[in-house]
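**Q** Have a look at this one.
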Ligand code: AMP
Ligand code: ZN
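Residue numbers (UniProt numbering): 1 to 469.
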């Protein structure tokens with residue numbers, strides 16, 4: 001870790017222990033972090049994207065404290081069933097038939113690559129740093145097979161009619177991540193679906209498929225969904241690593257199963273030290289999901305003239321472990337607030353001074369406290385409104401915070417030059433501040449100055465709009 005004088009201890013909520021813990025990496029020189037990537041059977045929806053904004057804030061918070069990060073993400077392009085119970089149609093197969101494409105591994109890959117590109121475009125629009133190491137599950141089937149062989153040798157895997165399964169009764173602490181063992185009721189649903197399984201919650205390590213799939217010592221088919229994250233994680237980050245992220249729906253099955261199969265194959269515990277999960281985005285009080293048909297894509301927001309970065313800002317106004325209910329009014333409100341912040345920033349002028357140490361300390365305390373972005377944003381507002389700090393130091397401080405927040409302040413200059421001249425933007429921000437402090441005389445004289453530069457200002461209760469005369 002680099003030395004950082006103002007470093008405060010990072011504390012993260014660990015799903016494994018159900019409490020906030022001080023974070024230290026296994027290897028002090030590098031944090032090894034894994035993120036469950038998307039299933040690329042369709043466009044990502046804005047609920048999915050929350051999981052990646054959260055992981056991005058986590059990475060940037062760690063980097064802000066001087067850690068070097070090795071971050072791996074998988075792309076699920078094969079072998080995922082429509083339900084957690086390993087039944088139903090494979091999602092990628094369903095996507096091919098939806099798009100009228102012939103069922104083949106080549107077409108499956110093409111479809112996966114198409115949606116992966118779209119996914120990466122969404123990440124960039126949200127100022128999310130694309131992880132350095134992104135791997136398609138279909139490129140690591142060999143590693144899945146090797147892991148499966150180990151499980152078989154150690155007596156954890158068994159074969160039934162439709163595949164190879166993991167025998168959870170061999171792992172007494174199965175279910176540790178979900179805060180206890182699986183209940184009979186949950187398991188009962190599964191045993192009805194597959195009476196051949198030894199235990200209700202046993203899960204597929206390999207599913208046979210006579211029509212399409214990869215060859216394996218057990219027969220043609222696809223690896224189970226969970227195995228890809230164990231195999232890719234172990235290959236690129238080692239048998240034990242620091243952090244694993246995903247959305248909360250991954251806790252009860254996907255991550256629970258990842259833990260048992262990895263720990264039983266390697267014999268090392270814990271597989272991962274910190275498990276972090278982000279909450280859902282609901283819409284109309286219901287979880288946003290591809291299967292529910294109630295989802296919005298980032299492009300739907302853009303079509304309504306909302307900026308992708310507004311969505312990031314709106315997410316950061318809530319804590320990542322708080323469920324958020326999406327609605328358009330809230331997003332429009334967030335855009336107004338963001339524009340005001342941007343206006344205040346643009347009014348600061350050119351040179352960049354020094355970071356204000358007091359504010360930086362406060363900002364760090366919040367962001368290092370389990371990524372408390374809502375409180376960190378309050379500090380951002382406080383800096384911009386503080387009359388006792390010079391503009392150049394404000395600018396340096398905002399740019400410093402933005403290394404974590406990723407709201408794109410550094411790029412604002414170019415945007416303003418294209419749209420509104422810098423001087424007009426500066427006067428407009430001053431005018432907004434004057435209005436807020438009810439100094440209407442100053443506000444009027446600034447309006448006249450703006451007019452003399454060929455621009456006019458229209459007020460709304462929330463904001464001011466600037467246009468050419
Ligand atoms: P998927 O593409 O379905 O594999 O999901 C990708 C990521 O999105 C996972 O980490 C999920 O937990 C997360 N996710 C799915 N639906 C939502 C939602 N409505 N709100 C927040 N995260 C979600
Ligand atoms: Zn995963």
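C-beta atoms are modelled at their ideal positions from N, C-alpha and C, and glycine is treated no differently.
To the nearest angstrom, report how far apart residue 422 and residue 133 are at their CA atoms.
**A** For the purposes of this step, residue 422 is identified with residue 422 of the chain shown, where counting begins at 1. For the purposes of this step, residue 133 is identified with residue 133 of the chain shown, where counting begins at 1. Taking the straight line joining both Cα atoms gives about 39 Å.
**Q** Helix, strand or coil for residue 397, going by three-state DSSP, please let me know.
**A** Against the chain shown, residue 397 aligns to sequence position 397. Note: residue 397 maps to helix in three-state DSSP.
**Q** Return yes when at least one heavy atom of the ligand ZN lies under 7 Å from the C-beta of residue 254, else no.
**A** Here residue 254 refers to the residue found at position 254 of the chain shown. Yes - the ligand ZN has a heavy atom lying nearer than 7 Å to the Cβ of residue 254.
**Q** What number of angstroms, rounded off, separates the C-alpha of residue 52 from the C-alpha of residue 128?
**A** Counting from one through the chain shown, the residue named residue 52 turns up at place 52. Counting from one through the chain shown, the residue named residue 128 turns up at place 128. The alpha-carbon atoms of residue 52 and residue 128 are separated by roughly 7 Å.
**Q** Is DSSP giving residue 458 helix, strand or coil here?
**A** In the chain shown, counting from the first residue as 1, residue 458 sits at position 458. Three-state DSSP puts residue 458 in a strand.
**Q** Cutting at 8 Å between CB atoms, please list the residues of its own chain near residue 268, excluding the five before and the five after it.
**A** The residue you call residue 268 lines up with position 268 of the chain shown. Taken in chain order, the residues that qualify are 239, 240.
**Q** Starting from residue 21, trace the beta strand (DSSP E) in both directions and tell me its first and last residue.
**A** Here the question's residue 21 lines up with position 21 in the chain shown. Run containing residue 21: 19-22, per the beta strand (DSSP E) assignment.
**Q** From 392, 338, 365, 450, pick the residue whose C-alpha is nearest to that of residue 407; which is it?
**A** For this step, residue 407 is matched to residue 407 along the chain shown. Nearest option by C-alpha distance: 338.
**Q** Touch check for the segment 300-312 and the segment 256-263: three-plus C-beta pairs under 8 Å?
**A** The segment 300-312, when compared against the segment 256-263, does not touch it at the 8 Å Cβ threshold.
**Q** What residue from 425, 219, 60 has the CA that sits closest to residue 368's CA?
**A** Position 368 of the chain shown, counted from the first residue, corresponds to residue 368. Residue 368 has its Cα closest to that of 60, out of 425, 219, 60.
**Q** Taking Cβ positions, are residue 208 and residue 163 nearer each other than 8 Å?
**A** Translated into the one-based positions of the chain shown, residue 208 becomes position 208. Translated into the one-based positions of the chain shown, residue 163 becomes position 163. The answer is yes: Cβ separation under 8 Å.
**Q** Are residue 91 and residue 29 closer than 8 Å when you measure CB to CB?
**A** As a first step, residue 91 is located in the chain shown; it is residue number 91 there, counting from the start. As a first step, residue 29 is located in the chain shown; it is residue number 29 there, counting from the start. No, the pair does not count as a contact, with Cβ atoms beyond the cut-off.
**Q** Do you know whose CA, among 355, 236, 334, 202, lies nearest residue 31's CA?
**A** Here residue 31 refers to the residue found at position 31 of the chain shown. Minimum Cα distance to residue 31 is reached at 236.
**Q** Alpha carbon to alpha carbon, how far is residue 139 from residue 106?
**A** The residue labelled residue 139 in the question sits at position 139 within the chain shown. The residue labelled residue 106 in the question sits at position 106 within the chain shown. Roughly 12 Å separates the two Cα atoms.
**Q** Let's see if you can read the secondary structure: which residues bound the beta strand (DSSP E) around residue 374?
**A** One-based indexing of the chain shown puts residue 374 at position 374. That residue, residue 374, is in no beta strand (DSSP E); its alpha helix (DSSP H) goes 373-385.
**Q** Any heavy atom of the ligand ZN closer than 7 Å to the Cβ of residue 247?
**A** Taking the chain shown and counting its residues from 1, one reaches residue 247 at position 247. Residue 247: no, Cβ never under 7 Å from the ligand ZN.
**Q** Can you give the beta carbon distance from residue 393 to residue 354, rounded, assuming they're within the 8 Å contact cut?
**A** The residue labelled residue 393 in the question sits at position 393 within the chain shown. The residue labelled residue 354 in the question sits at position 354 within the chain shown. Indeed, because the Cβ distance is near 5 Å, the residues count as touching under 8 Å.
**Q** Rounded to the nearest angstrom, how far is the Cβ of residue 227 from that of residue 178, given a contact under 8 Å?
**A** Stepping through the chain shown from its first residue, residue 227 is reached at position 227. Stepping through the chain shown from its first residue, residue 178 is reached at position 178. Going by Cβ atoms, the distance from residue 227 to residue 178 rounds to 19 Å, so no, they are not a contact pair.
**Q** Please identify the residue among 341, 382, 160 whose C-alpha is closest to the C-alpha of residue 358.
**A** Looking up residue 358 in the chain shown gives position 358. Looking at the Cα atoms, 382 is the closest of the given residues.
**Q** Over the uninterrupted alpha helix (DSSP H) stretch that includes residue 366, give me the two end residues.
**A** For the purposes of this step, residue 366 is identified with residue 366 of the chain shown, where counting begins at 1. It spans 357-367 - the alpha helix (DSSP H) in which residue 366 sits, taken as one unbroken run.
**Q** Rank 425, 448, 291 by C-alpha distance to the C-alpha of residue 465 and give the top, closest one.
**A** Taking the first residue of the chain shown as 1, we reach residue 465 at position 465. Of the listed residues, the one whose Cα sits closest to residue 465 is 425.
**Q** Does the ligand ZN have even one heavy atom less than 7 Å from the beta-carbon of residue 451?
**A** Position 451 of the chain shown, counting from 1, holds the residue named residue 451. Not under cutoff, so the answer is no.
**Q** Measuring straight from C-alpha to C-alpha, what distance separates residue 452 and residue 443?
**A** On the chain shown, residue 452 is found 452 positions in, with the first residue counted as 1. On the chain shown, residue 443 is found 443 positions in, with the first residue counted as 1. Roughly 14 Å between the two C-alpha positions.
**Q** Quick one: is the Cβ of residue 41 within less than 7 Å of any heavy atom of the ligand ZN?
**A** On the chain shown, residue 41 is found 41 positions in, with the first residue counted as 1. No, Cβ of residue 41 sits at least 7 Å from all heavy atoms of the ligand ZN.
**Q** For the pair the segment 146-156 and the segment 115-130, tell me if three or more CB-CB distances fall below 8 Å.
**A** With the cut-off at 8 Å, the segment 146-156 and the segment 115-130 do not touch.
**Q** Figure out for me which residue from 246, 361, 151 has the closest Cα to the Cα of residue 379.
**A** Indexing the chain shown from 1 puts residue 379 at position 379. Here the closest residue by C-alpha is 361.
**Q** Suppose you measure from the CA of residue 66 to the CA of residue 25; what does that come to, to the nearest Å?
**A** Numbered from 1 along the chain shown, position 66 holds the residue referred to as residue 66. Numbered from 1 along the chain shown, position 25 holds the residue referred to as residue 25. Near 12 Å, if we compare the C-alpha coordinates of residue 25 and residue 66.
**Q** Under three-state DSSP, which class holds residue 45?
**A** Numbered from 1 along the chain shown, position 45 holds the residue referred to as residue 45. Here residue 45 sits in coil by DSSP.
**Q** Taking its Cβ as the centre, do 16 or more other Cβ atoms sit within 10 Å of residue 279, making it buried, or is it exposed?
**A** Translated into positions along the chain shown, residue 279 becomes position 279. By the 10 Å Cβ count, residue 279 comes out buried.
**Q** Quick check on the DSSP output: what are the complete alpha helix (DSSP H) runs of length 4 or more inside the segment 223-265, in order along the chain?
**A** If we require 4 residues or more, the alpha helix (DSSP H) runs fully inside the segment 223-265 come out as 225-237.
**Q** For residue 410, which of 404, 399, 420 has the nearest alpha-carbon?
**A** Along the chain shown, read from residue 1 onward, the residue named residue 410 stands at position 410. Minimum Cα distance to residue 410 is reached at 399.
**Q** Got a list of residues with beta-carbon closer than 5 Å to any non-hydrogen atom of the ligand ZN, in chain order?
**A** The filter returns 36, 229, in chain order.
**Q** Provide the residue(s) that pair with residue 277 in DSSP beta bridges, ordered along the chain.
**A** On the chain shown, position 277 is the one that residue 277 refers to. According to DSSP, residue 277 bridges with 246.
**Q** What span of residues does the beta strand (DSSP E) with residue 204 cover, start to end?
**A** Here residue 204 refers to the residue found at position 204 of the chain shown. Its beta strand (DSSP E) spans residues 204-208.
**Q** Comparing alpha-carbon positions, which option in 340, 388, 373 lies nearest residue 435?
**A** Position 435 of the chain shown, counted from the first residue, corresponds to residue 435. The shortest C-alpha separation from residue 435 is found at 340.
**Q** Hey, residue 204 and residue 158: beta-carbon distance below 8 Å or not?
**A** Mapped onto the chain shown, residue 204 falls at position 204. Mapped onto the chain shown, residue 158 falls at position 158. Taking 8 Å as the Cβ cut-off, residue 204 and residue 158 do not qualify as a contacting pair.
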